[in-house]
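Here's the structure we're looking at; comments come further down.
Residue numbers (our numbering): 102 to 909.
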């Protein structure tokens, strides 16, 4: 067996040297050789006094101070072992570092590990890991390294012969020498195995880091410059060299805006001229500096650091509004792109087929399969993302691959059975209603294609969950955008010959393309999406099953509105179904963005804070998110209600969509907009209840609201037609949200005064708009005044809470 040596450079570290040596002694795999290299430290006597208690240590002293890189090189030259590893004298090793790295070290390779940054006061307890927890990432290129060093130099283990063949550390570098060595290892074709466990404890001092930013920034650029020269990349090129330098200079600009680093800004401008960066990136960098972007980002970075360094065991407000807001923008924006594609498809449908039987048949053939996909497949993401993350930390890649294969097979089999049952159930109902035989069997074809999409939906959502768990949620969102694109192309090409069948065909091809893209991406990540009979049926624990059932229950409450509205509109006629489908698209668009954003961004935060015992932090986030959604939805409702007719005329009128259809579609759009604040409130409160694991009472409340909404829809549809269906469902959603809000007040999750303000805003706004629509401006003005009063108070309260949280 190859011998292992740990090399410890030392300079002014006599106070911490014993701690470092003790961590080497405590290794579960014995270390054969320990070398301490004294870089001609002024504390030489104290260092030698410490080493008297460690007779097994080989002691080397440099005749003069030569720096960290040269000191490590001297230690390697003295080493007699075949395998070398490093440890700084003020840090320490996890007891299993050497053991785990030796397991993963291959011939002519190198091994790194994750680093736990800590201080003397925040040192985490040492817990031994199971050997099954060794999860690794292989790095064999510099595509990511050129934008930032994600490998830690002091955690390195490799063969001495490989280290010496590369010339060791560059002694001319007084800092960032490990960054340079990683570059040279990867350029030489060495595969680095990065163990995803914190096996190295790095003790840091925030004041020291700030003082060294000027020095670090200089040497970082020197290393990047060496890399570009070694690979023949011109710094003045737009992308390969210019963008890389822009990323580094932007990082340095942000550092320069932090307290104590003002001198760095002058150095940055000198470096820009020295490196010869592309003119476009220079202009962009200077523009960002003038508008204060770097200063703003520096404040966000400092706030995030303060949040991450806050006491984890205290019940304090421990979340970063900037991170939540940025994540919400990304997820909501990508979701909005997908929904905009579907809205464009609906605009083309309206212009190609008008408000009539064709659009009605498409809606009737797809509404139940899509509802079941949302209810049964949608919760797979929220349920399995934590499960996948947990299993990746405790199981090997092979075990995870087998488990994921069984999950995908089980889900596909279950969704296939559901889709078959749905097809025959809808077919029987359509024969009873006598519209399955209309238009040459169009309904049957559309229903068959929708059920095929339902069968694939479970594995598509499972693939998205896997991508989310490995930090590639944007890839999942972009793959989802293929669906509306594929739906639009057949509609443009074959709408005249195939009619509305072209839309169903495009949606099916889009879902198939989405599935194949996700399957191809996951095949390279160790997550095989497969179909067939599962090897094992028991694939998740009872907790995951209960969470899935709770999510299904919540989804039924949230996504039943389109299904109920379509069924009630079908009782009026095909034109009513078409009007309901087209008029409710804006509300569906907004509701979808709210659902995805809260599910992907806010729900994990609720779950983490509540499970960590930080109830006050979770409640504060709930109140702020509640106020923010109320403020935003207030503006959207007013705009959509008064501009609905203009929107319909601008977007839909043309082709087969006649001007006479504008009134009924705009009425549906204006009434459906009333449900936006109530839906947002329901979604937020249901997510909070899910994090608290108290979905039962919440489901009953939401279910009662839906029942009342259906009853009011029956009452309103005789007076207002299909617009009354929408109005009744909005009223049901309003009652559900008010009951949930009352429950939140009694549970002490929402302040009573805040609940009163929000209810006044919502109810006053809805009454004002309805009274104005029915020609009663006097009462409408009074109701709007009440709504505006609540709106102003709620906005002021939100601003005050944000300012208080920032000061905290």
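From the three backbone atoms N, C-alpha and C, an ideal C-beta is built for every residue, glycine too.
Note that this is a predicted model, so its numbers are computed, not measured.
Between the Cα of residue i and the Cα atoms of the options, which residue gives the shortest distance?
i: residue 236; options: 295, 650 and 582; result: 295
i: residue 600; options: 450, 209, 608 and 619; result: 450
i: residue 322; options: 350, 331 and 674; result: 350
i: residue 170; options: 684, 670 and 280; result: 280
i: residue 458; options: 605, 687, 247 and 671; result: 671
i: residue 142; options: 116, 154 and 156; result: 116
i: residue 699; options: 122, 685, 729 and 684; result: 729
i: residue 581; options: 602, 528, 611 and 501; result: 611
i: residue 865; options: 731, 809 and 850; result: 731
i: residue 744; options: 767, 733 and 283; result: 767
i: residue 215; options: 238, 206 and 173; result: 238
i: residue 684; options: 448, 277, 852 and 212; result: 448
i: residue 468; options: 666, 602, 317 and 114; result: 666
i: residue 477; options: 618, 552, 806 and 559; result: 559
i: residue 158; options: 174, 144, 179 and 168; result: 179
i: residue 807; options: 757, 662 and 503; result: 662
i: residue 130; options: 113, 140 and 105; result: 105
i: residue 203; options: 145, 146, 103 and 591; result: 103
Measure the C-alpha to C-alpha separation of residue i and residue j and round it to an integer number of angstroms.
i: residue 262; j: residue 120; result: 29 Å
i: residue 614; j: residue 176; result: 56 Å
i: residue 133; j: residue 723; result: 55 Å
i: residue 680; j: residue 725; result: 36 Å
i: residue 422; j: residue 718; result: In this predicted model, residue 422 has a pLDDT of only 45, less than 50, meaning its place in the structure is not dependable enough to derive any value.
i: residue 804; j: residue 546; result: 33 Å
i: residue 597; j: residue 733; result: 41 Å
i: residue 192; j: residue 136; result: 15 Å
i: residue 347; j: residue 331; result: 19 Å
i: residue 910; j: residue 464; result: Look at the range of the chain in this structure, 102 to 909, and you will see that residue 910 is not part of it.
i: residue 629; j: residue 505; result: 7 Å
i: residue 568; j: residue 884; result: 47 Å
i: residue 43; j: residue 820; result: Residue 43 lies beyond the residue range present for the chain, which begins at 102 and ends at 909; the question has no answer from this structure.
Does DSSP put residue i in a helix, in a strand, or in coil?
i: residue 630; result: coil
i: residue 257; result: coil
i: residue 160; result: strand
i: residue 620; result: helix
i: residue 819; result: helix
i: residue 744; result: helix
i: residue 196; result: coil
i: residue 852; result: coil
i: residue 323; result: helix
i: residue 488; result: helix
i: residue 144; result: coil
i: residue 409; result: Only weak support is given to the placement of residue 409: the predicted model assigns it a pLDDT of 42, under 50, and the question is left unresolved by the model.
i: residue 571; result: coil
i: residue 205; result: helix
i: residue 232; result: helix
i: residue 334; result: coil
Would residue i and residue j be called neighbours here (beta carbons separated by less than 8 Å)?
i: residue 199; j: residue 297; result: no
i: residue 240; j: residue 186; result: no
i: residue 301; j: residue 255; result: yes
i: residue 811; j: residue 833; result: yes
i: residue 563; j: residue 470; result: no
i: residue 608; j: residue 484; result: no
i: residue 252; j: residue 267; result: no
i: residue 669; j: residue 818; result: yes
i: residue 687; j: residue 774; result: yes
i: residue 138; j: residue 163; result: yes
i: residue 836; j: residue 772; result: no
i: residue 283; j: residue 246; result: yes
i: residue 100; j: residue 211; result: Past the boundaries of the shown model lies residue 100; the chain is included only from 102 to 909, so the question cannot be answered.
i: residue 847; j: residue 789; result: no
i: residue 825; j: residue 677; result: no
So if DSSP puts residue i in a beta bridge, which residue, or which two residues, is it bridged to?
i: residue 755; result: 758
i: residue 186; result: 107 and 258
i: residue 139; result: 111 and 162
i: residue 239; result: 294
i: residue 214; result: 296
i: residue 219; result: 304
i: residue 134; result: 106
Tell me whether residue i, by its Cβ, gets closer than 7 Å to a heavy atom of the ligand MN.
i: residue 293; result: Within the structure as shown, the ligand MN is missing, as the structure has no ligands at all.
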